[in-house]
Structures are given as C-alpha cells and as structure tokens.
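Notes for the one structure printed next.
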Amino acid sequence: MSGFNSDANNQLILALSKGRIFEDTLPLLEAAGITVTENPDTSRKLILATNDPNVRVLIVRATDVPTYVQHGAADFGVAGKDVLIEHGGEGLYQPVDLNIAQCRMSVAVKSGFDYEAAVRQGARLRVATKFTTTAREHFASKGVHVDLIKLYGSMELAPLVGLSDAIVDLVSTGSTLRANNLVEVEEIMQISSRLVVNQAALKLKRARLQPIIEAFERASKARA
Ligand code: PRT
Ligand code: MG
C-alpha cells in the first residue's frame with residue numbers, strides 16, 4: 008500500500024503525536040537536518056511542512072501512529088513501547104529505541120488496599136486499564152486471575168469509585184497517583200518511544216530513510 012502522493016520514492020511522511028513525543032522528536036529531526044516549520048499547538052493543520060519539501064509530518068493520536076505506519080499512510084513514526092505492545096507491531100520495523108518520553112508501566116491501587124495479600128490469597132482482581140494486552144500478560148505470568156476492565160482514559164478514577172481494585176497505567180513523576188490517593192505497588196516495565204518504519208517503505212525508500220534512521224540512532228545514543 009502507498010501513502011498519499013507517495014508515487015515519488017523520495018517523498019517521506021512521518022507520523023507523530025502532539026505533546027511530549029512531538030517535542031522530544033524535534034531535536035532528533037534536527038540531527039537529521041529536518042526542521043518542522045509549523046507548530047501543531049498553534050496551527051489546526053494535521054499535515055505539517057518541514058524545511059525539506061519532500062518531508063511532511065502527520066499529526067495523529069499517539070495510539071494511531073502504528074496504524075498509519077503499518078498501512079503505509081506514513082512511512083515512519085514515533086510511538087511508545089506501551090502503544091506498540093497493544094498494537095502488536097504487525098508490518099512495522101522497529102530499528103531504534105529513541106530513549107525519549109520515558110516512563111514506566113505500573114500497577115497501582117487505592118491507598119490502604121493490600122495488593123500483596125490479595126495476590127497471596129489468590130483473590131480475583133478487577134483491573135482497569137487502557138493497556139489490556141500488557142496487563143493480561145503481566146498477571147498471567149504471575150498466575151494472578153484478573154477481570155480486565157477496558158478504559159480509554161482517567162484510569163486513576165476507577166479504584167476510587169469501586170470500579171476496580173487496581174489499575175495498570177503509565178507513571179512518570181508519580182504526582183498523578185499521589186493526587187488521587189493511589190499507590191504504585193508493582194512496576195511492570197520501563198517504557199520509552201521507538202522509531203517505527205513501514206516495512207515496504209524501508210525497501211522502496213531505503214536511500215531516503217537509512218540516513219534518517221542513522222541520525223536518529225546517533226542523536227538518541229548521545230541522549231541515553
Ligand atoms: O493524551 P492522549 O489521550 O491524546 O494520548 P496519549 O496519552 O496516548 O498520548 P501522550 O502524548 O500523552 O503520550 C504519548 C506517549 O508518551 C505514551 O504512549 C507513553 O509512551 C509516553 N509517556 C511518557 C507518557 C507519560 N510519560 C505519562 N506520564 N504517557 C502518559 N503519561 C500520563 C499517564 O498516563 C498518567 O495519566 O501521565 C500521567 C502520569 O504522569 P505523572 O508524572 O503524574 O506520574
Ligand atoms: Mg496523555
């Protein structure tokens with residue numbers, strides 16, 4: 008499949024989400040000689056220009072980045088490991104861990120809930136999360152039975168109103184958990200964002216993509 012206007016193999020389309028991933032990717036793009044010349048926070052445009060007329064940036068939801076790249080609507084993109092696990096990674100080549108947008112995936116409960124005791128006693132736990140694949144694998148590997156409740160946001164609310172016993176969510180500073188009287192009881196994994204490349208584009212556009220992949224690799228190693 009090919010992206011819009013991608014008949015010329017020197018056209019490149021990059022998918023990014025607004026916010027931390029966009030901001031942390033800008034210096035990596037600069038290292039590859041690419042400057043984004045429009046600001047997604049002040050512009051309503053979803054397709055941004057760069058200093059290179061052959062490179063454009065699509066602004067999509069963080070969870071949609073792998074989908075655009077998988078189907079070739081974008082040649083490459085940047086997505087969190089959390090998002091890539093839930094997507095499954097089909098059709099994606101993941102050459103570089105960029106060490107950006109770092110956080111951890113953790114289990115949290117309402118302060119006062121004895122998670123260790125519940126696990127020891129083999130209780131069936133109700134777990135609310137946006138990350139059902141990660142949560143299912145984590146609890147299966149511990150031999151803990153769970154009822155997963157899929158949410159799309161504000162997971163922190165679920166234990167407070169009795170929707171669940173625990174949540175699986177991303178934690179960075181921990182201040183969101185603290186503000187909601189929740190405690191982190193288990194770290195599942197460290198999370199960072201990866202460069203993802205459409206597998207067909209990598210073959211057809213290797214001459215354009217390879218130098219960018221290498222520049223991203225050098226710049227992210229320098230950061231790590
Ligand atoms: O926000 P939106 O619903 O549009 O989508 P999104 O949350 O998927 O996107 P975005 O841009 O917020 O996150 C993009 C990626 O950044 C995620 O996929 C992660 O890989 C990464 N990342 C790094 C984070 C965080 N740190 C993070 N702290 N993503 C989310 N958070 C949230 C977390 O879910 C919780 O609500 O921030 C809150 C916790 O932060 P602390 O600092 O209070 O602990
Ligand atoms: Mg968010």
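Count the sequence shown with my numbering and you get residues 8 to 231, in order.
A virtual CB, placed ideally from N, CA and C, is assigned to each residue, including glycine.
Is residue i buried or exposed, if buried means 16 or more other CB atoms sit within 10 Å of its CB?
i    : result
V43  : buried
K117 : buried
T49  : exposed
S227 : buried
Y159 : exposed
Would you report the Cα separation of residue i and residue j, rounded to the nearest angstrom?
i    : j    : result
N58  : S200 : 24 angstroms
G95  : D89  : 10 angstroms
P73  : E93  : 10 angstroms
D176 : K137 : 8 angstroms
V64  : A135 : 33 angstroms
V126 : V151 : 7 angstroms
L33  : E123 : 42 angstroms
What residues in its chain sit with their C-beta under 6 angstroms from that of residue i, if we drop five residues either side in the sequence?
i    : result
M8   : Annotation note: pLDDT 48 at M8 (below 50); position unreliable, coordinate value reported separately. Result list for M8: H78, G79, in chain order.
Q206 : G98, Y100
V204 : F83, Y100
I107 : D31, S200
Let me make sure I understand the geometry here. Which of the options has the alpha-carbon closest to that of residue i?
i    : options               : result
G181 : Y122, N205, M112, N46 : M112
F120 : F146, V192, R27, I219 : V192
K210 : D82, I107, V151, R185 : D82
P47  : P60, N61, S24, A135   : S24
A56  : E45, S161, A207       : E45
T70  : A124, Q197, G87, N187 : G87
M196 : F146, Y75, K228       : F146
L184 : A38, V62, M162        : M162
Under 8 angstroms Cβ to Cβ from residue i, same chain only, skipping five residues before and after it: list those, please.
i    : result
R133 : V153, D154, I156, L170, S171, D172, A173
P166 : A115, V116, K117, F120, A135, D172, A173, I174, L189
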